[in-house]
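Participant:
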Amino acid sequence: MSDNFNISINEIFYSIQGEAKNTGKPTIFIRTAGCPFRCSYCDTEYAFSEGKKTSIDNIISKIKIYNTKYITVTGGEPLAQKNIVNLLNTLIEKSYKVSIETSGLIDISIIPNSVEIVMDIKTPSSNEDSKNIYNNLSILKATDVIKFVIGNKLDYEWSKDVIVKNNLSNTDNIYFSPVHESLGLSDIADWILKDNLNVTLQLQLHKYIWGNERGK
Ligand code: SF4
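Take the sequence shown: its letters are residues 20 to 235, numbered as in the working numbering.
#1: May I have the straight-line CA-CA distance separating ILE129 from ILE111, to the nearest angstrom?
#2: Just to confirm, are SER122 and GLU96 a CB contact at a threshold of 8 Å?
#3: Taking three-plus beta-carbon pairs below 8 Å as touching, is the region 174-188 in contact with the region 79-88?
#4: Among the candidates PRO45, LEU156, CYS61, PHE67, whose CA atom is the shortest distance from the CA of GLU30?
#5: Measuring alpha carbon to alpha carbon, tell me which of SER74, ILE228, GLU69, THR190 ends up nearest SER52.
#6: Could you give the uninterrupted runs of the alpha helix (DSSP H) lying entirely in the region 134-199, keeping only those of 4 residues or more?
#7: Would you list, in sequence order, the uninterrupted alpha helix (DSSP H) runs of no fewer than 4 residues that lie entirely inside the region 70-121?
#8: Less than 8 Å between the CB atoms is what I'm expecting for ASP180 and ASN155, so what's the real figure, rounded?
#9: CB of GLY95 to nearest heavy atom of ligand 1: below 7 Å?
#10: For a quick check, are the C-beta atoms of SER59 and ASN151 less than 8 Å apart?
#11: Using 8 Å for Cβ pairs, my map puts ASN102 next to PHE24. What's the rounded Cβ distance?
#12: Is ARG50 near ligand 1, in the sense that its beta carbon is under 7 Å from a heavy atom of that ligand?
#13: Taking 7 Å as the line, does the beta carbon of PHE195 fall inside it for any heavy atom of ligand 1?
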């Protein structure tokens, strides 16, 4: 059945998870191509146009050589792919532990319940914050992750306001992820502690291991 469904794939690779709850775990990454948005700090611009139509069966045959059950579907923006739900359901059927990284700028209600969602709320320095769909917050499960990418102090203060306005102060799994090498880590760490925030500081472990090397 699944071989009728093509997905535009930018790259499939095996690496160490650098973000969110499974940081440090060997993980398969399936990066879809294309994104309708243009965040200022995007670190995967190469995925905007470099993609190859790949059947779901072909994707499964590429990933089954890796000795892990952890898979992250990322992009680009995976939800911009017409057949993404077919891929997610196929991965679940094959007993993978699936997470999806999405921008928060597209309705997430189509994502199957057993997929862990890692959803951005776009901060002002992205220049895409006007497109945030705040209704997505009501769809997230308690186990899902909300990520704010913080580029400067304004982003930090803005994110604090969003947390208060949307009653997220007691929500677990909120991550503040500073834009790599653009914000002093001790600065954001001090802000979080001074403000007594219930958030996790996320450092993008893969960038400390390999820098901006592609496919890592
Ligand atoms: S939504 Fe993600 S992939 Fe698209 S431009 Fe923003 S950071 Fe890049």
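Glycine is no exception: its CB is placed at the ideal position from the N, C-alpha and C atoms.
Facilitator: By the coordinates alone:
#1: As a position in the sequence shown, residue 129 is number 110, starting the count at 1. As a position in the sequence shown, residue 111 is number 92, starting the count at 1. Cα to Cα, the separation comes out at about 15 Å.
#2: Taking the sequence shown and counting its residues from 1, one reaches residue 122 at position 103. Taking the sequence shown and counting its residues from 1, one reaches residue 96 at position 77. The Cβ atoms of SER122 and GLU96 sit closer than 8 Å to each other.
#3: Cβ pair count under 8 Å is below three, so no.
#4: Counting from one through the sequence shown, the residue named residue 30 turns up at place 11. If we check each option's Cα against that of GLU30, PHE67 comes out closest.
#5: Here residue 52 is taken as the residue at index 33 of the sequence shown, counted from 1. According to the sequence provided, residue 52 is Ala. The question's Ser does not apply to it. It is GLU69 whose Cα lies nearest to the Cα of ALA52.
#6: Taking only runs of at least 4 residues, the alpha helix (DSSP H) segments lying wholly in the region 134-199 are 172-184.
#7: The DSSP assignment places 75-82, 103-112 as complete runs of the alpha helix (DSSP H) inside the region 70-121, in order along the chain (cut-off: 4 residues).
#8: Taking the first residue of the sequence shown as 1, we reach residue 180 at position 161. Taking the first residue of the sequence shown as 1, we reach residue 155 at position 136. Actually they are not in contact, since the Cβ atoms of ASP180 and ASN155 sit about 18 Å apart, beyond 8 Å.
#9: In the sequence shown, counting from the first residue as 1, residue 95 sits at position 76. Yes, Cβ of GLY95 sits closer than 7 Å to a heavy atom of ligand 1.
#10: By 1-based counting over the sequence shown, the position of residue 59 is 40. By 1-based counting over the sequence shown, the position of residue 151 is 132. Cβ atoms of SER59 and ASN151: not closer than 8 Å.
#11: On the sequence shown, residue 102 is found 83 positions in, with the first residue counted as 1. On the sequence shown, residue 24 is found 5 positions in, with the first residue counted as 1. The Cβ separation is near 4 Å, so the contact holds.
#12: As a first step, residue 50 must be located in the sequence shown, where it is residue number 31. Judged by the Cβ position, ARG50 fails to qualify as a neighbour of ligand 1 at the 7 Å threshold, every heavy atom of the ligand being at least this far.
#13: In the sequence shown, counting from the first residue as 1, residue 195 sits at position 176. Not so, every heavy atom of ligand 1 lies at least 7 Å from the Cβ.
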